[in-house]
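Here the structure is laid out as structure tokens; the discussion comes afterwards.
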Amino acid sequence: MSEEKKIPKLFKGTFTEEQFRKKILSKLYIHEYRNYINQVFTRDPEGKYKLKETLDKKDITRLKSISKSIKGNQGFVLRGKLALILIFLIAVVVFNIVFMDRIVERAIERNLETIFEAKADMTGLDLQILKGRLLFQSLEVANSRKPFRNLFELGEVDVQLDLQQLVRNKVVINNVKLQEIRWDTERETSGALPGVSAAKAGEMGEGEEESFVGAFMEDAGEVVADVIKKEMANIKSPKLLEELPGKYLNLKGEWDKTLREQKKDLENLPKLIEPVKAIDIKNIKTADQALTAYKMVDDTYKKIKLTEENLTGSFNKLKADLNMANEDKKSVSTSISNDLAHLSSFIKSPETVGGIASAILDPYMEKYLGEINGKFKRWNYYFEKLKPMIKRKEGRNLVLRDYGRDVTYPCVAIPKFWLQNLDVSLGSNQERNLYIVKASDITSDPNLLHNPTTFSIKRTKSSEEVEWAGFIDKRENREKSAEFDFKAKNIPFILGEGIKALKVSNAKGTYNLDGDLSFDRVGRAGGTLHLQLSNLALDLIDNEDKIAASIKSVLSSNPVDIMVGYTINEDGKYTLKIKSNLDKLIAGTINKLVTEWVAETKVKLEAELNSLIRAKLEEYEGNYKGFISLEEDLKGNLLEAKTYTELAEKKKQELQAKIDEKKAEVKGKVEEKAKEEVDKLKDKIKLRF
Amino acid sequence: MIITWFAKVFVAINSNKKTSQVALAISFAFLLALVPKTNLFWISLFTLTFFLKLNQAVEMVFLAVFSLFLDFLDAFLDKIGFAILTVSSLGDFFTKLFNSPFFYMTKYYNSIVMGGLVVGLVMFLPIYFVSKYLVDVYRDRVREKIANNKFVKAVTKQPILVGIKNKFGSAVRFYDNIR
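Chains as they are written, first to last, in this note's numbering: chain A, 713 to 1401; chain B, 439 to 617.
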């Protein structure tokens, strides 16, 4: 019985012929199995199949393995593996629920930090991946240039993602709903990222916070200081004067060394000339003595001449350096004049900018446009940083096999990142406190879209209305890079700068503004502004001042109308054309004031420039004078050498004369002796004949 | 490793494994070999075979064996695939697939993928039935003859094969057991 217990369940009991064939034989695919089973089964009297009673241990073992193989062949699916996969999937879902939100939150923060180069803090993220929704409670992005302020702050946000595109590894945001948006808010902790330099962030929108230069009719001293501070890098004379004193100090040092060496040579000359001087021509009796003396003088002459030639060479070189010094002096003088002219061009005067209104408004416009230009550059910089982060990775098209071609079909190209629509509406129009922000088509790959990024911001508060609308186009075939229209109505203002010289401490009023601005492909900008100032109220510094009282009277009763046409070059420089009724209204009154202010500012500017370069100029001039004085020293040395040369030369001539004289004497004596000998010979010859 | 796989194939063919499991494994191996890897279609298909009752060892070995012939087949698969992908009447259908994120990732638009897929599917059933028939024939007629062949017996007694036999004892024992 114990053996029977071990028989596999499959083979227990009895089987009809059909059951035996269907349940057992048909599931055996090996001959030996079938034969073996036929051997171990027997038929009972009723014709049913059952196992033989006489099975040994080996048979039981074989039956077990056959039974196991039959069971193993049942079904089409591996349930165990499927269960494992299900467990794995459940684990993934649980992981997502527990950790995914935090991981995505951190990933978004890091990406924002890379774009904005400042800390980004997100709270309460809830990613509902199956619904394609992303919600968060708040987001703060710090301002990289002002670490204790936020660039912007968002309240509750609901982002609707396109799930289909998410599968294709593309982030397409159909819609974003915001409950709150705030700009330039305070932070309790610094938002600076470690290792990110403020200078880098500062490159975008340079003029954003600078005070304006050359403000009209401001305190002359302050205007001059401003102009010099701003233009210090563009004026040449200080740089030139920085280099020249050192240059002449070095030159003088080199020439002093040359002079010292020349002095040593000159000190030898008296010793050399002494034996020459000592020669007394009268005491020379013979030609041999004369020739010996001549040879000695000639040697001395050659040595002295060599020294003189060296001195002449040095003197010629010095002349070349002196010419250069004179050229430098002219350059100094010219560059100072040019710098003064350049700096003076920043002093606004009605003549240079086309009227008093232009002179007053020009710096304000530059400041205003500078802010706009700066903001544009800054956001443009952020847009550019967005691109490479989500750019398609090149080289990802794997070659499947050597053969094979990709056949492409028309498709709607979708960028890697695409915010289709952003719509924020805060507050209520009835309460006259409404904030509407709209944007569309913010994308990483603008070339794939037919539209540029468009946006509009509208703020209504009480009677004030401000509206900005426009587009930013980053597509390659764009005509314009950006275009904005802006309108402002009933905006109160207080003016405290640029008007004190008119004896006005501040001006209050309201303005309406209507303008446009467009940037071309290379970053040049241009546009128009129509500004209307009304309800002007002026506070005078001195109520008794007649000019100020006159200006107040005129402006209080006449609205000021200003039309501005402007262009901004690639380098950020502005050209403005301002037309206004201000000239007609106040020109007559303040003409004299303006003329006096311009003259005073120019004088102060010249004085300031002189004081700026005085120390270096004096040092340069001292060194220059010291250097040119060397000419006299070198001249003296040369003259001294020449004196000795002349002395030796004279002695040479005297000796030559002596030699000639002695030669003549010898010649006479020889001739006389010869004659005597000839006469003697003649006498002898007469006797023979 | 390779010997282990071959030993497993040997066991599968000689054991009581369902013939259809072996045949299915060979058919899938053919299909997987023809379709290039690194696309969603291949990965899905390969993953699917893990959950089906087919013989993994046979599938892997035949996948490797069929892959040896791909160099000769690729030009043919490319022509077939390209011809199918450029059938104008299927243009709309393929365009829809191209715009679908899932099917885009299958890389169906590649001529080798399409050619491999079509040829693999067309040949799937013929290979299945032929394999089934051959395994049956082997089991019914050949296997016993080989096992009893004097030469084979002599070879199996060689030391090297005895070593392998010991190493893969479990597989060989199974074979011995059923004899």
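Heads up, the beta-carbon is just placed ideally off N, CA and C, and yes, glycines get one too. On a predicted model such as this, the values are computed, not experimentally measured, just so you know.
B:P597 carries a helical assignment under DSSP once its states are collapsed to helix, strand and coil.
Cα atoms of B:A445 and A:E825: separation of roughly 57 Å, rounded to the nearest angstrom. Take A:L984, set aside five residues on each side of it, and the residues of its chain with a beta-carbon closer than 8 Å to its own are T1012, K1015, I1016, Y1356, in chain order.
Within the same chain, E1176, V1178, T1222, Y1223, N1224, L1225 come within 8 Å of A:I1203 by CB-CB distance, once the 5 residues on both sides are set aside. For a Cβ distance threshold of 8 Å, residue set F489, L490, K491 of chain B lies close to A:V789, ordered along the chain. The DSSP-derived three-state label of A:K724 is coil. Within the DSSP bridge table, the entry for A:H1242 names A:D1226, A:M1275 as partners. Take A:P1127, set aside five residues on each side of it, and the residues of its chain with a beta-carbon closer than 6 Å to its own are T1155, S1156, D1157, L1160, in chain order. Within the segment 875 to 902 of chain A, those residues whose Cβ lies closer than 8 Å to any Cβ of chain B are, in chain order, Q876, Q877, V879, R880. Across the set A:E729, A:L798, A:K734, the C-alpha of A:E729 shows the shortest separation from the C-alpha of A:D756.
As the crow flies, the alpha-carbon of A:N785 is around 30 Å from that of B:L478. In summary, the residues of the segment 441 to 459 of chain B whose CB is separated from some CB of chain A by less than 8 Å are N452, S453, N454, K455, K456, T457, Q459, in the order they occur in the chain. Excluding residues up to 5 positions away in sequence, I1290 lie with their Cβ nearer than 6 Å to the Cβ of A:S1070 in the same chain. Check the Cα spacing between A:Q1001 and each of A:K1385, A:D771, A:D1372, A:D1395: the tightest is with A:D1372. For A:K1291, the pairing in a beta bridge is given by DSSP as A:M1275.
In the assembly as shown, A:Q877 is a buried residue. Its beta-carbon has 16 or more other beta-carbons within 10 Å. Secondary structure note for B:L563: its alpha helix (DSSP H) is the uninterrupted segment 549 to 575. Of the residues A:D1251, A:G1348, A:F1088, the one whose Cα lies closest to the Cα of A:D1232 is A:F1088.
In the structure shown, the three-state DSSP call for A:G1221 is strand. Burial of B:I464 is indicated by the presence of at least 16 other C-beta atoms within 10 angstroms of its C-beta.
Taking the Cα positions, A:I1263 is about 51 Å away from A:N1133.
For A:I802, the three-state secondary structure derived from DSSP is helix. Within the segment 725 to 748 of chain A, K739, L740, Y741, I742, H743, E744, Y745, Y748 place their CB atoms closer than 9 Å to a CB of chain B, listed in sequence order. The shortest C-alpha to C-alpha distance from A:K724 to any of A:Y1278, A:L767, A:H743, A:E744 is the one to A:L767. Here A:E1331 has P957 as same chain residues with Cβ atoms under 7 Å from its own Cβ, once five neighbours each way along the sequence are excluded. Rounded to whole angstroms, the Cβ separation of B:S526 and A:S781 is 53 Å, and the two are not in contact under 8 Å. Contact with chain A is found for B:T533, since one of that chain's Cβ atoms lies less than 8 Å from the residue's Cβ. Using a CB distance cut-off of 8 Å, B:N586 does not count as an interface residue toward chain A. Listed along chain A, the residues sitting closer than 8 Å to B:Y547 by beta-carbon distance are D1118, V1119, T1120, Y1121. For A:L794, the neighbours in chain B by C-beta distance under 8 Å run, in chain order, F489. In this model, A:N1163 and A:W1130 are separated by some 12 Å (Cα to Cα). Against chain B, the beta carbon of A:V806 has no neighbour under 8 Å; the closest one sits roughly 22 Å away. The segment 1083 to 1097 of chain A and the segment 1316 to 1329 of chain A do not touch, with fewer than three beta-carbon pairs separated by less than 8 Å. At a cut-off of 4 residues, the continuous stretches assigned as alpha helix (DSSP H) that sit fully inside the segment 459 to 497 of chain B are 478 to 489.
Taken in chain order, the members of the segment 513 to 526 of chain B whose beta-carbon sits within less than 8 Å of a beta-carbon on chain A are A513, L515, D516, G519, F520, L523, T524. Using a Cβ distance threshold of 8 Å, A:T1240 and A:I1059 do not count as a contacting pair.
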